[in-house]
Amino acid sequence: MTELDALFKLDPYSISHQKKNDILLEHLSALHEHHLALCEPYCQMAKSFGSLSKKHQTLADFFYMPVQIFKHYELKSIAADKFSKTLTSSGTTSAQVSKIFLDKDTTRYQTKALSSIMRSYLGAKRLPMIIVDTESVIKDRKMFSARGGGIIGMSNFGRNHLYLFDEKMKIRHDELLTFLKEHEGEEIFLFGFTFMVWQHLIRELENSNETLDLSGAILVHSGGWKKLEQEKVDNATFKKRVKEVTGINRIYNFYGMVEQMGSVYMECEKGHLHASLFSDVIVRDVINHKVLPSGQVGIIETLSILPYSYPGHAILTEDQGIIHGIDDCECGRKGTHFSIIGRLPKAEVRGCSDTYEAGA
1 MTELDALFKL
11 DPYSISHQKK
21 NDILLEHLSA
31 LHEHHLALCE
41 PYCQMAKSFG
51 SLSKKHQTLA
61 DFFYMPVQIF
71 KHYELKSIAA
81 DKFSKTLTSS
91 GTTSAQVSKI
101 FLDKDTTRYQ
111 TKALSSIMRS
121 YLGAKRLPMI
131 IVDTESVIKD
141 RKMFSARGGG
151 IIGMSNFGRN
161 HLYLFDEKMK
171 IRHDELLTFL
181 KEHEGEEIFL
191 FGFTFMVWQH
201 LIRELENSNE
211 TLDLSGAILV
221 HSGGWKKLEQ
231 EKVDNATFKK
241 RVKEVTGINR
251 IYNFYGMVEQ
261 MGSVYMECEK
271 GHLHASLFSD
281 VIVRDVINHK
291 VLPSGQVGII
301 ETLSILPYSY
311 PGHAILTEDQ
321 GIIHGIDDCE
331 CGRKGTHFSI
341 IGRLPKAEVR
351 GCSDTYEAGA
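Put into structure tokens, the structure is as follows:
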């Protein structure tokens, strides 16, 4: 898609709402027609909801599927010889997992979109990188889990990678000290899933009365808030405790899912999550699914223009959230800015960190 390639050259947070809306309408309409033609289950579901020939006037008009559908159907819009790899969602050992089928083009779109988003936070140069996890999580390269896939994706933005933990999830102190000495005075990029950062780095340092000097580093993390909430740890507390033992004050959470890889929603300096040029969010009423205005809490629907190999362009999540505004965040980034309030009651434990703690 040459039109999509052109978008990757733009600042993902610089496009005004009306212009971005037109771009998303065009690409989502093309995706809808593409998946109608090539994915029979999607076509049948869209038909049952009267969404075959419907003209899309707004983003809310697109046929959307519940995220759980990927656990029950193998949804593909590619021929068997175009398949390159499968991503699987987080899930407890007893739970079904989503399977997301990728071809080379969709993988490239996801990688380019993520790169565009991350440049806004990390800059253009690849930074020395500490991965707050164990290398064993990425051993199976054909069947990625969400956790392994996330690590692989983020690893593209770093260099001289150090996996911080051994196979027993213990800090590799000697290797860390060598790494820090080697990159003294440089900006360092840390990435990890929230619960892993909390349980195996921050809590371990606190329990052993240790501190690290990572004051020049940037930490990006995601997932696992359910477990931290059980420990009465919110986002502000997490940031405070991280800074106390590591000195890091540039800490960014992000919201994303394996069903829409590449379309991550990064937290800004003001604490709000942001939709980039490649995605958007809608908040719907939990009961009747009507679109809610800014300022009201409801269920989050996510839209992405990246998924061509599978129909994942419009997904109703199991998360509740609230939209704060559009194009008016104090951080200066354009687009919808919002917050996640939490999971819907009785929603399956599925975050990467939550699944790890559950024993998966």
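Mapping to the UniProt record's numbering: the sequence shown position 328 is 328, numbers consecutive. For each residue, glycine too, the CB sits at the ideal point set by N, CA and C. Here the structure is a predicted model, which means the values were calculated and not measured.
query, result
"Under the three-state DSSP convention, the category Asn308 falls into", "Sequence check: residue 308 is Tyr here, not Asn. The answer is coil: DSSP assigns Tyr308 none of H, G, I, E or B."
"Spatial neighbours of Ile78 in its chain, beta-carbon cut-off 6 Å, leaving aside the 5 residues before and after", "Asp103, Ser309"
"Pick from Thr178, Glu182, Lys19, His221 that is closest to Arg147, judged by C-alpha positions", "His221"
"CB-CB length for Trp198 against Leu228, believed under 8 Å", "6 Å"
"Min CB distance Asp81 to chain C below 9 Å", "In the structure shown, chain C cannot be found, because there is only a single protein chain."
"Sequence-distant residues of the same chain with beta carbon closer than 8 Å to Arg108, five excluded per side", "none"
"DSSP-derived helix/strand/coil call for Thr302", "strand"
"Which of helix, strand or coil DSSP assigns to Gln320", "strand"
"Buried/exposed call for Lys334, threshold 16 Cβ in 10 Å", "buried"
"Assigned exposure category for residue 436 - 16 Cβ within 10 Å defines buried", "Here the chain has residues from 1 to 360 only, and residue 436 is not among them."
"Assigned secondary structure, Lys239 (DSSP; H/G/I helix, E/B strand, else coil)", "helix"
"Cutoff 6 Å; reference Asp174; Cβ partners in own chain excluding five residues on either side", "none"
"Spatial distance of Asp61 from Val281 (CA atoms)", "13 Å"
"Of the listed residues Ser339, Lys226, Leu344, Leu316, nearest to Phe70 (C-alpha basis)", "Leu316"
"Assigned secondary structure, Asn253 (DSSP; H/G/I helix, E/B strand, else coil)", "strand"
"Under the three-state DSSP convention, the category Ile138 falls into", "helix"
"Nearest to Ser89 (by Cα), restricted to the options Gln68, Lys170, Leu59, His35", "Gln68"
"Per DSSP, cross-strand counterpart(s) of Gly158", "Leu127"
"Start and end residues, alpha helix (DSSP H) containing Ala217", "No alpha helix (DSSP H) contains Ala217, which is instead part of the beta strand (DSSP E) from 217-222."
"Reduced DSSP category for Met169 - H, G, I as helix; E, B as strand; rest coil", "coil"
"Through-space distance from Ala46 to Cys268, alpha-carbon basis", "36 Å"
"Distance CB(Thr336)-CB(His274) smaller than 9 Å", "yes"
"Segments of 4+ residues assigned as alpha helix (DSSP H) that fall wholly inside the region 30-118", "40-48"
"Assigned secondary structure, Met196 (DSSP; H/G/I helix, E/B strand, else coil)", "helix"
"Neighbourhood of Val286 by C-beta, 8 Å cutoff - its chain only, sequence neighbours within 5 removed", "Gly298, Ile299, Gln320, Leu344"
"Buried or exposed (CB count within 10 angstroms, at least 16 for buried), His72", "exposed"
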